[in-house]
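Working notes, structure below.
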DNA sequence: CTGGCTAGTTGGTATAGACCAGAAGTTTGC
DNA sequence: GCAAACTTCTGGTCTATACCAACTAGCCAG
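Chains as they are written, first to last, in full-length UniProt numbering: chain A, 1 to 236; chain B, 1 to 236.
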């Protein structure tokens, strides 16, 4: 038994959520009504809710309230199954919205690919959903030489499928970095969450089988919506 | 420019920290003095500090104050270099403290390894440091048949080195899962941080080259102390 | 010089209340 | 029947204050 009241509250809320999940249809009652039910302040109540948010049990949708988080999506960044494929493989419904497309330089991408800072890229920014919940925003920077008319023909299909099918690229070498982050205001807004919400930042630099740079991409995931799973075999 | 004051505060603090990092020797001034300096309340000040904590720029040591976080440790969970090796390879100083050793069943480990729930394990719990900052606690569950007298001979060397050198095991197949978490009170206490601090949970199930279960381990990292880096080559 | 005690400082927790802007629901007007 | 306008609700932010427990540093006694 913990001493701090908000930690007791956390446990009580956890049980309350377990029992009423179905009845509430995924949405928790208003903070004010929960605070009243537990005879405490909204401040303390929110502290307890934030605990559960950190655990990934619940989340907030911007100014709309607290919601019970669906199961995490299994995600293996070392395989290159497309988003749509692995989401569907887990019985979930994927969706993608393209937010912007343009061609311009992006020094961080250039550096990650070993190109000069003023190297222009085809830039695609998109938001991805699982079962109608926005779970990540992603920016792709593709070297124009590798996919010249990309922005004319791209709608929302698999980018890797395009690169392989249309331009015959083999995405052979990948450098992947993952760090936890607090979502920047702009990313948070595009995911309909409060700024500072916990997220996971995944960056990939991709070269082909001749070490030529193909693309760089950066994903911002809601921290509670994925589980990184890797299966390995055959080393020492 | 953001509207919310605590977001402006966050930026001001960020700059303040940048400029005074050396002078403060890693430790921020007291919350009350910072609140006074910015003519605001401790509550709002803490909200801004929490933002920076989420970004991994600063962290708290339980009741001792706010500290500037050192650079993240690069960590490749797909390679099996020992903790000591890869910490030193990055010019940092590793340290390990053994917290407990015992032999008992642990159903989650059993399930991950495909063994019956009542299967006993040699259990080692240890805390790991980088440059004298505790960055993770780890629990290891080793199948006793694979390393019978483990608990008698183990001090704080590399476990994988032992398994390979003394018992000749080849750690061939690994199943790795990583999820963000909020540190449970017990883990938080062992890392000297407040309960609910953001963490990263890494679980590994390890089999040998004949698919025999060897060990299961679970690590709880402080979220701001690692960067997961994976380099891959040679697939499509 | 050492070890234990003490007083002050600091972060952790909690209360009570307030205002705002965005979301949702309802009514109104065409 | 539908769209626009309005009201209500709700989460997001902020102030001001208070108490406690743990940590720190300094004092004191041995």
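Using N, Cα and C, we set each Cβ at its ideal position, and we do this for glycine too.
Between residue 83 (chain B) and residue 94 (chain B), the C-beta gap is smaller than 8 Å, which places the two residues in contact. Proximity of residue 178 (chain A) to chain B, defined by a Cβ-Cβ separation below 8 Å, is satisfied. In the DSSP assignment, residue 83 (chain A) falls outside any beta strand (DSSP E) and lies within the alpha helix (DSSP H) extending over 83 to 89. Judged by DSSP secondary structure, residue 209 (chain A) falls outside any beta strand (DSSP E); it is assigned neither H nor E. Taking 9 Å as the upper bound on Cβ-Cβ separation, chain A lies near residues 223, 224, 226, 227, 228, 229, 230, 231, 232 and 233 of the region 219 to 233 of chain B. Note on geometry: alpha-carbon atoms of residue 58 (chain A) and residue 226 (chain A) lie some 14 Å from one another.
Chain B places no beta carbon closer than 8 Å to that of residue 107 (chain A), leaving this residue out of the contacts. Non-local C-beta neighbours of residue 75 (chain A) in its own chain, meaning closer than 8 Å and more than five positions away in sequence, comprise 86, 226, 227, 228 and 229, ordered along the chain. DSSP places residue 181 (chain B) in the strand class (E or B) of the three-state scheme.
Looking from the CA of residue 25 (chain B), the closest CA among B:13, B:67, B:187 and B:62 belongs to B:67. At a cut-off of 8 Å between beta-carbon atoms, residue 78 (chain A) makes contact with chain B. In the DSSP assignment, residue 5 (chain B) forms no beta bridge with any residue.
Here residue 173 (chain B) is buried: its Cβ has 16 or more other Cβ atoms, across all protein chains shown, within 10 Å. Around the beta carbon of residue 138 (chain A), 16 or more other beta carbons lie within 10 angstroms, which makes this residue buried.
Any Cβ of chain A closer than 8 Å to the Cβ of residue 114 (chain B) would place that residue at the interface, and such an atom is absent. Secondary structure of residue 65 (chain B) (DSSP, three-state): strand. B:127 is the residue among B:198, B:133 and B:127 whose C-alpha sits nearest the C-alpha of residue 140 (chain B). Short of 6 Å from the beta carbon of residue 205 (chain A), and not among the five residues preceding or following it, lie these beta carbons of its own chain, in chain order: 112, 113, 175 and 216. Where residue 151 (chain A) is concerned, the enclosing alpha helix (DSSP H) starts and stops at 150 to 153. In this structure residue 160 (chain B) is in contact with residue 171 (chain B), their Cβ atoms being roughly 6 Å apart against a cut-off of 8 Å. Between the C-alpha atoms of residue 3 (chain B) and residue 185 (chain A) there is a straight-line separation of about 11 Å. Of all residues in the region 149 to 178 of chain A, only 164, 170, 171, 172, 173, 174, 175, 176, 177 and 178 come within less than 8 Å of chain B when Cβ atoms are compared, listed by chain position. Taking 8 Å as the cut-off, the Cβ atoms of residue 232 (chain A) and residue 191 (chain A) do not count as close. For residue 213 (chain B), the closest alpha carbon among the candidates B:163, B:200 and B:178 is that of B:163. For residue 140 (chain B), the enclosing beta strand (DSSP E) begins and ends at 133 to 142. Inclusion of residue 123 (chain A) and residue 102 (chain A) in the CB contact set at 8 Å is warranted, their separation being smaller than that value. In terms of CA proximity to residue 210 (chain A), A:146 leads the group A:132, A:99, A:146 and A:117. Residue burial is scored here from C-beta neighbours: residue 202 (chain A) has at least 16 other C-beta atoms within 10 angstroms and is therefore classed as buried. Collapsing the DSSP output to three states places residue 217 (chain A) in a strand. Under the Cβ criterion of 8 Å, residue 191 (chain B) is not counted among the residues facing chain A.
Considering only A:109, A:110 and A:89, the residue with the shortest C-alpha distance to residue 130 (chain A) is A:89. Short of 8 Å from the beta carbon of residue 105 (chain B), and not among the five residues preceding or following it, lie these beta carbons of its own chain, in chain order: 117, 118, 119, 120 and 121. Less than 8 Å separates the beta-carbon of residue 55 (chain A) from that of residue 181 (chain B).
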